[in-house]
Structure formats: C-alpha cells, structure tokens
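Below is one structure; the comments refer to it alone.
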Amino acid sequence: MISWNTMLCGYASNQRSAAAKELFQKMPLRNLSAWNAMLSAESSLANAVAFFEVFPERDMITWTAMLTWYVHSRHMLDAERMFDQMPARDLITWSAMLAGYSRLGNADSARRVFDSMPQHNIVTFNEMLSAYAQAGHVESAEALFRRMPLQDHVSWNSMLAAHTQSGRIAEAKTMFDNMPLHTLVSWNTMLSGYAQAGHTEQARWIFRAMAYCSLVTWNAMLSAYTLFGCVKEASEIFQSSPAKDLLTWTALLSAYCQAGHLEYAKVLFDKMPERDLQSWTALAAAYARHGYLEDAHSLVSSMPAQDVVSHTAVFSALSQSGNLEAAKVLFDQIPIRNEVTWTAMVAAYAQNGHLAQAGRLFAAMPEKDLVSWRTMLLGLAENERPRKALEGFHGVKLAGFSPR
RNA sequence: CUAGUGAUCCUGGAGUCG
3 MISWNTMLCG YASNQRSAAA KELFQKMPLR NLSAWNAMLS AESSLANAVA
53 FFEVFPERDM ITWTAMLTWY VHSRHMLDAE RMFDQMPARD LITWSAMLAG
103 YSRLGNADSA RRVFDSMPQH NIVTFNEMLS AYAQAGHVES AEALFRRMPL
153 QDHVSWNSML AAHTQSGRIA EAKTMFDNMP LHTLVSWNTM LSGYAQAGHT
203 EQARWIFRAM AYCSLVTWNA MLSAYTLFGC VKEASEIFQS SPAKDLLTWT
253 ALLSAYCQAG HLEYAKVLFD KMPERDLQSW TALAAAYARH GYLEDAHSLV
303 SSMPAQDVVS HTAVFSALSQ SGNLEAAKVL FDQIPIRNEV TWTAMVAAYA
353 QNGHLAQAGR LFAAMPEKDL VSWRTMLLGL AENERPRKAL EGFHGVKLAG
403 FSPR
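Residue numbers (my numbering): 3 to 406.
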C-alpha cells in the first residue's frame with residue numbers, strides 16, 4: 003500500500019497526471035491517502051473538482067488539497083468557501099489560505115489571515131514575508147525577517163527575491179554573499195534578478211558558473227533575452243535547453259511577438275504541445291498591438307477562457323489605435339477590469355484631448371497605482387494644464403507613492 | 001538530510017514614461 007502511494011506521489015510531483023490516474027485505477031485497494039494523493043495529482047482544477055465530488059469519504063487533508071487547487075488557480079473566493087465549509091481546519095489549511103493572498107500580492111488580506119491563525123510556524127512566517135515582498139513592501143519584509151524566531155533557507159531566499167524583484171540588485175548581491183546557504187533557488191533568484199535589471203552579462207556569467215541547474219534556470223536565462231527582444235539568443239537558449247515546459251514555449255513566443263515576428267509567432271504557437279491563457283494572450287496581444295484587431299478578436303473568441311489580462315490586452319491595443327468611440331464601447335463590455343484596464347482608458351481620453359473625461363474616470367478608479375498617476379499627470383502636462391498637473395503631483399505623495 | 005496523502009522561496013501574458 004505504501005509503495006503504491008509513494009509511486010502515485012512521484013507522478014504527482016512530476017505532473018504526470020495521466021500516469022497517476024492509470025496507477026490509481028490499477029491499485030488493488032485504495033485507502034483515503036491514495037485518494038488524496040490522486041486529488042493533488044489531477045491535471046486541472048475542473049478535473050479536481052469533479053474528482054472531489056466522487057470521494058467515498060473526506061478528511062482534513064482532502065479538503066485542504068481541494069482548497070489548495072483553488073488557491074493555485076487564484077480563485078480565492080472559492081478557497082474561502084471551502085475554508086468555511088470544511089468541518090475542521092488545521093495550521094496547514096490556514097497556511098494554504100495565507101499562501102493564496104501572498105501570491106496575489108494582497109498584503110492586507112494576507113496579514114488578516116496571518117493575524118487570525120491559531121499559531122505560527124516557520125512556513126507561515128515565510129508566507130507572510132513573501133506576501134510583503136510580492137506587494138513591494140520590502141521594508142516590512144525586512145522587519146519581519148529580523149523578527150521571526152528563526153530563518154531557514156526559504157526565508158533567506160524569499161528575502162533575496164524581495165530585493166531582486168524590487169530592483170535592488172546591489173542589496174541582493176550583498177545578501178547573497180552573506181547567506182548561510184545557497185540553494186538552487188538562491189542561484190536562480192540572482193540569475194533572474196540580474197536578467198530583469200538588464201545585466202544580461204552577469205546573468206550569463208551566473209548561468210555558466212552554476213554547478214547544477216533546473217528547468218527554472220533555463221527559463222530564467224531565456225527570459226533574460228526575451229525581455230530585451232534578443233530573439234536570436236533566446237532561440238539559441240530554447241534550442242539547447244534539455245527540457246521545455248509551458249513557460250519555456252511562452253517565453254520564446256513572447257520574444258517573437260515583441261519583435262513583431264508575428265508569422266513566426268503563429269507557427270510556434272501552433273507547434274506548442276500545450277497552451278494556456280497566458281500563451282493565448284501573448285499572441286492575441288501581439289496581433290492587436292500591431293493593428294490586426296480582427297485577428298486578435300477571432301483568436302480571443304476561440305480561447306478556452308479569458309481573464310482580466312487577456313481582456314485588457316486587446317482593449318488597450320484598441321484604445322491606442324485612435325478609435326476612441328470603439329474603445330469606450332469595449333471598455334463597458336469588458337466583464338472584469340483592474341487598474342491596468344482603467345489606466346488604458348484614461349490614457350486614451352487624455353491622448354485625444356478629452357481631459358475632463360480622463361479626470362472623471364481617474365477619480366472613479368477603484369485602485370490607482372504609480373502608472374495610473376503618471377498617466378494622468380502626463381496627460382495634463384501634455385495638454386498644457388501645468389497647474390492641474392502640479393496639484394496632481396501633490397496628490398501622488400498624498401496617495402503614498404514616491405513620485406519620479 | 002534518509003520509508004506513504006494537503007501549506008511557504010526562483011522562471012512566461014496586458015496599461016504610462018523611459
């Protein structure tokens with residue numbers, strides 16, 4: 003029984019869901035542990051939901067595994083629903099919820115969960131740390147890092163990533179040099195930190211210096227090139243990488259898209275062994291950005307699902323095409339909007355000289371970030387409203403951003 | 001650090017300026 007379950011988990015961690023299913027069905031008898039392992043090994047949220055429905059019995063692990071499916075799919079409302087419905091919760095259940103808000107960069111909700119949970123352990127501290135990092139609150143992350151009762155390699159790596167992801171590459175380097183232990187993740191973090199900061203040479207150097215690497219390493223090196231439109235180098239990395247996953251393919255796809263090689267992009271897209279929302283969006287956005295709005299629309303309508311990003315990608319291309327009327331119509335039609343969507347609409351109004359409309363929309367935005375402020379202020383400045391722009395500049399500080 | 005199921009760290013898609 004134990005060895006069956008061990009094999010099942012092996013498939014689960016290799017994402018070999020079909021093999022897991024086959025094994026599960028061949029098992030002479032299946033206990034609850036086997037069912038739970040199979041739940042985690044499912045291939046998609048939809049399959050997991052269906053499988054969860056047919057469980058003969060459920061324990062806390064079953065519920066938490068299902069909740070984790072929702073968390074990984076970023077469906078926090080469903081996760082909350084699970085959390086409320088389940089008969090009992092333990093620290094891991096709480097921790098899974100915290101992880102969900104952490105990934106979304108929602109530091110307030112994360113903090114609320116963190117403060118409500120019955121106890122803390124190293125994992126929950128790490129999750130809260132990472133929530134601050136994700137939200138860009140590096141100082142809070144540092145404070146927590148120092149305050150935690152002990153730090154393990156995950157804490158160090160999270161803190162390291164907090165620095166690289168906020169562009170503090172010098173601090174990251176110092177931290178890296180002073181860490182008690184370097185794991186593969188630490189190396190990968192530094193590699194992609196240099197890559198994102200545009201220090202491609204340094205990234206390359208690390209890549210060569212690494213004794214062991216993983217698919218993540220290859221993908222990080224790939225995106226060091228795709229980020230800056232180096233199609234040639236990117237495809238060389240792609241060719242030489244020993245394994246490829248969805249991220250590998252999508253990274254190369256977006257390199258082609260960025261460089262405007264739409265025909266290559268399409269060929270690659272058709273060759274991809276699997277696609278998800280992000281790969282669909284990359285191609286659709288490229289079509290839209292290069293003026294092929296029809297193709298973008300037809301691609302989008304054949305997509306299996308849509309989210310804020312895919313909607314916004316097509317919308318923002320339309321809003322930049324000069325057709326303000328069509329943009330207004332689409333803006334109202336989009337089922338989900340976020341600050342990016344709103345900002346695109348504000349920019350479109352401003353660029354067409356409709357400052358009053360832009361201002362009204364800006365005031366009505368549910369969330370404003372630094373980019374939205376900059377868009378509004380530059381809109382005012384470019385339309386020769388220096389005084390209003392200055393007033394707005396004051397508002398940026400009031401909103402708690404540091405203006406640049 | 002070494003025997004079975006659930007939680008935390010690194011890689012891909014959209015907006016402004018650059």
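In this text, a Cβ means the ideal position worked out from N, Cα and C, and glycines have one as well. On a predicted model such as this, the values are computed, not experimentally measured, just so you know.
For Y214, the secondary structure class from DSSP, reduced to helix, strand or coil, is coil. Beyond the five residues adjoining it in sequence on each side, V218 comes within less than 7 Å, by CB distance, of N190 in the same chain, given in chain order.
Annotation note: the stretch 240-320 contains the following uninterrupted alpha helix (DSSP H) runs of length 4 or greater, listed N- to C-terminal: 248-261, 264-273, 279-291, 295-303. Put simply, the stretch 89-99 touches the stretch 67-78. At least three CB pairs are less than 8 Å apart. For M130, the enclosing alpha helix (DSSP H) has its first and last residue at 124-136.
The three-state secondary structure of R170, taken from DSSP, is coil.
Fewer than three Cβ pairs drawn from the stretch 226-239 and the stretch 270-285 lie within less than 8 Å of each other, which leaves the two stretches out of contact. The beta carbon of G262 sits closer than 7 Å to those of H292, all from its chain and outside the five residues before and after it, given in chain order.
In this structure, the alpha-carbon of F209 lies about 36 Å from that of M40. Counting the other CB atoms within 10 Å of its CB gives Y351 a total of 16 or more, which places it among the buried residues. L285 and N221 have their C-alpha atoms roughly 19 Å apart. Following the DSSP letters along the chain, one finds H74 inside the alpha helix (DSSP H) bounded by residues 62-74. Just measuring C-alpha positions, the residue of I63, N159, A172 sitting nearest L183 is N159. Counting along the chain, C11 sits inside the alpha helix (DSSP H) bounded by residues 4-15.
When DSSP states are grouped into helix, strand and coil, R389 belongs to the helix group.
Contact check for R113 against A133 passes: the beta carbons are separated by less than 9 Å. Under the criterion of beta carbons closer than 8 Å, G397 and L382 do not qualify as touching, at roughly 11 Å.
Put simply, of V348, M68, E24, R60 the residue whose alpha carbon is nearest the alpha carbon of L34 is R60. Note on L31: under 16 other CB atoms within 10 angstroms of its CB, so exposed under the neighbour-count rule. DSSP places G361 in the helix class (H, G or I) of the three-state scheme.
Close CB contacts of S374 within its chain, under the 8 Å cut and outside five residues either way in sequence, are with E341, W344, T345, V348, F364, M367 (chain order). If you check the CB distance, T250 and S243 come in under 9 Å.
Closest by C-alpha distance to Q198, out of M223, E44, Y266, D110, is M223. Looking from the CA of Q153, the closest CA among F178, A163, I124, E55 belongs to I124.
9 Å or more divides the Cβ of A50 from the Cβ of N7. The alpha helix (DSSP H) runs of length 4 or more contained entirely in the stretch 169-208 are, from start to end of the chain, 171-180, 186-198. Around the beta carbon of M68, a 10 Å sphere encloses 16 or more other beta carbons of the protein chains shown; the residue is thus reported as buried. One alpha carbon belongs to Q136, the other to L47, and they sit about 24 Å apart. A164 sits in a helix when the DSSP states are folded into three classes.
Collapsing the DSSP output to three states places S323 in coil.
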